[in-house]
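If you count by our numbering, then the sequence shown holds residues 15 to 297, one letter each, in order.
Quick reminder that beta carbons are idealized off the backbone N, C-alpha and C, glycines included.
A quick write-up on the structure given underneath.
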Amino acid sequence: MTDSEGIQQLRQEFVTVENGLSTEDFDFIVAANGDHPDLHRLRRLLRRRQLGEPREYVVGFQQFRGRRFAVDKRVYITDPELTHLVDAVTARAREILETEKRPPVIVEFGVGCGSLAISVKKEVPKARVIGLDLDGDAIVVARDNANHHHADIWLMESDLFSGLPTELVPDIVFGDPPWGDDDSIYDDDRPASHYHAMPPLSAFPTGGITGLHEAILKDIAKRGWGCDIFLNLGILKAADRDRLTAMTATSEILSFDKASVLLCMMSKLPKVDQIASTPSRSY
Ligand SMILES: C[S@@+](CC[C@H](N)C(=O)[O-])C[C@H]1O[C@@H](n2cnc3c(N)ncnc32)[C@H](O)[C@@H]1O
Numbered sequence: 015m016t017d018s019e020g021i022q023q024l025r026q027e028f029v030t031v032e033n034g035l036s037t038e039d040f041d042f043i044v045a046a047n048g049d050h051p052d053l054h055r056l057r058r059l060l061r062r063r064q065l066g067e068p069r070e071y072v073v074g075f076q077q078f079r080g081r082r083f084a085v086d087k088r089v090y091i092t093d094p095e096l097t098h099l100v101d102a103v104t105a106r107a108r109e110i111l112e113t114e115k116r117p118p119v120i121v122e123f124g125v126g127c128g129s130l131a132i133s134v135k136k137e138v139p140k141a142r143v144i145g146l147d148l149d150g151d152a153i154v155v156a157r158d159n160a161n162h163h164h165a166d167i168w169l170m171e172s173d174l175f176s177g178l179p180t181e182l183v184p185d186i187v188f189g190d191p192p193w194g195d196d197d198s199i200y201d202d203d204r205p206a207s208h209y210h211a212m213p214p215l216s217a218f219p220t221g222g223i224t225g226l227h228e229a230i231l232k233d234i235a236k237r238g239w240g241c242d243i244f245l246n247l248g249i250l251k252a253a254d255r256d257r258l259t260a261m262t263a264t265s266e267i268l269s270f271d272k273a274s275v276l277l278c279m280m281s282k283l284p285k286v287d288q289i290a291s292t293p294s295r296s297y
């Protein structure tokens with residue numbers, strides 16, 4: 015049997031109403047296996063997808079901003095909407111570079127597989143980028159991805175910001191903290207089961223649907239950081255967004271097609287004062 019006959023046979027078996035695999039999923043998994051796939055392996059991968067495993071775990075990678083990142087069950091699968099967050103962070107980082115003539119220090123809360131932090135570093139190479147995660151397994155995956163992309167970022171295990179050296183004061187903190195619940199999903203392509211397949215601490219927050227956002231804002235306020243904060247809000251409702259903006263010193267909601275981002279500060283301290291009083295800004 016030729017490769018194409020074998021693939022055709024698998025298509026007939028899997029892409030049926032009863033077997034429930036979409037043409038898109040089938041083609042995605044076949045394409046990820048190259049021109050001469052091992053048909054036994056391909057069958058196993060299709061079966062895993064059919065049984066509900068996210069297709070990124072099945073093939074072992076995801077694409078984000080044109081780059082390929084290894085992912086597996088140890089890490090969250092980056093939502094494509096996060097590209098807006100990276101756009102906002104890179105724009106602010108370039109502004110700091112241009113106006114203040116120094117590399118911005120950027121901290122990502124919850125780095126996961128590293129897709130966002132690595133994208134920021136590749137797109138603003140002079141920035142100093144630090145990725146934090148509570149989950150040591152995620153840090154291992156992020157490190158592999160950073161090495162693969164030759165991205166010189168600092169990665170560390172940390173509960174909120176507790177792992178950072180005390181003297182480090184970021185210019186920018188950003189992240190996609192777990193948010194929402196089973197009813198707040200981006201679209202039907204990613205039902206609640208997609209998120210339930212991910213590590214629990216990566217997909218659902220404790221302390222309510224904005225519990226982690228609130229914890230982050232409080233921790234930054236306690237540290238007295240006057241940094242710019244960019245937090246993904248996904249499709250959270252106005253009441254949830256209002257609860258968060260009420261905690262901040264200044265805030266703005268950046269709205270995009272399918273998501274929004276909270277841009278805020280917890281302190282109105284002029285940045286220039288902070289720079290003068292924080293000689294160890296660089297690390
Ligand atoms: C929604 S995922 C985002 C991952 C990654 N930024 C991405 O977009 O693919 C949230 C991440 O926050 C991490 N996390 C959850 N609670 C945390 C905490 N208290 N401190 C640090 N990281 C935490 C999770 O382990 C997870 O990797």
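Would you mind stating whether residue i and residue j have Cβ atoms separated by less than 8 Å?
{"i": "F28", "j": "Q64", "result": "yes"}
{"i": "F218", "j": "H98", "result": "no"}
{"i": "I167", "j": "G189", "result": "no"}
{"i": "V73", "j": "L59", "result": "yes"}
{"i": "D17", "j": "H50", "result": "yes"}
{"i": "I186", "j": "I120", "result": "yes"}
{"i": "T224", "j": "L258", "result": "yes"}
{"i": "R157", "j": "L169", "result": "yes"}
{"i": "R69", "j": "D41", "result": "no"}
{"i": "P179", "j": "A141", "result": "no"}
{"i": "P205", "j": "C241", "result": "no"}
{"i": "A131", "j": "R88", "result": "no"}
{"i": "E171", "j": "G150", "result": "yes"}
{"i": "R255", "j": "I267", "result": "yes"}
{"i": "G221", "j": "A211", "result": "no"}
From the DSSP output, in three-state form, read off residue i for me.
{"i": "V286", "result": "Model confidence at V286 stands at a pLDDT of 46, short of 50, so the residue's coordinates are unreliable and nothing is read from them."}
{"i": "R88", "result": "coil"}
{"i": "V183", "result": "coil"}
{"i": "T264", "result": "strand"}
{"i": "L130", "result": "helix"}
{"i": "E137", "result": "helix"}
{"i": "G225", "result": "helix"}
{"i": "I153", "result": "helix"}
{"i": "F75", "result": "strand"}
{"i": "D203", "result": "coil"}
{"i": "L148", "result": "coil"}
{"i": "G20", "result": "helix"}
{"i": "N159", "result": "helix"}
{"i": "D195", "result": "coil"}
{"i": "L178", "result": "coil"}
{"i": "Y209", "result": "helix"}
{"i": "F83", "result": "strand"}
{"i": "V29", "result": "coil"}
{"i": "S172", "result": "coil"}
{"i": "L277", "result": "strand"}
{"i": "I249", "result": "coil"}
{"i": "H122", "result": "The question names His, yet the displayed sequence has Glu at residue 122. DSSP places E122 in strand when its eight states are reduced to three."}
{"i": "D39", "result": "helix"}
{"i": "I167", "result": "coil"}
{"i": "R69", "result": "helix"}
Among residues of its own chain, excluding the 5 on either side of residue i, which ones have a beta-carbon nearer than 8 Å to its beta-carbon?
{"i": "F75", "result": "A46, R82, F83, A84 and V85"}
{"i": "R108", "result": "V138"}
{"i": "K272", "result": "E95, Y200, D201 and I249"}
{"i": "G66", "result": "S207 and A211"}
{"i": "S36", "result": "V29"}
Ordered along the chain, which non-local residues of its own chain (more than five positions away) have a Cβ less than 6 Å from that of residue i?
{"i": "G20", "result": "L53"}
{"i": "A235", "result": "M280"}
{"i": "L226", "result": "P191, P192 and P219"}
{"i": "I110", "result": "P118 and D185"}
{"i": "S155", "result": "Residue identity check: residue 155 is Val in the sequence provided, not Ser. Counting only Cβ-Cβ distances below 6 Å, and skipping sequence neighbours, we find R88, V89 and C127."}
Please work out which residues of its chain come closer than 7 Å, Cβ to Cβ, to residue i, disregarding the five sequence neighbours upstream and downstream, and give them in chain order.
{"i": "G34", "result": "Q64"}
{"i": "T262", "result": "L231, C278, M279 and M280"}
{"i": "R62", "result": "V72"}
#### Entry: Contact between the segment 109 to 128 and the segment 86 to 93 (3+ Cβ pairs under 8 Å)
yes
### Task
Count the C-beta pairs between the segment 131 to 151 and the segment 162 to 178 that are closer than 8 Å, then say yes if the count reaches three, no if not.
Yes, they touch.
### Query
Using 8 Å as the threshold, is the segment 191 to 209 in touch with the segment 241 to 252, meaning 3 or more CB pairs across them?
Remark: three or more beta-carbon pairs, one from each stretch, lie closer than 8 Å, so the segment 191 to 209 and the segment 241 to 252 are flagged as touching.
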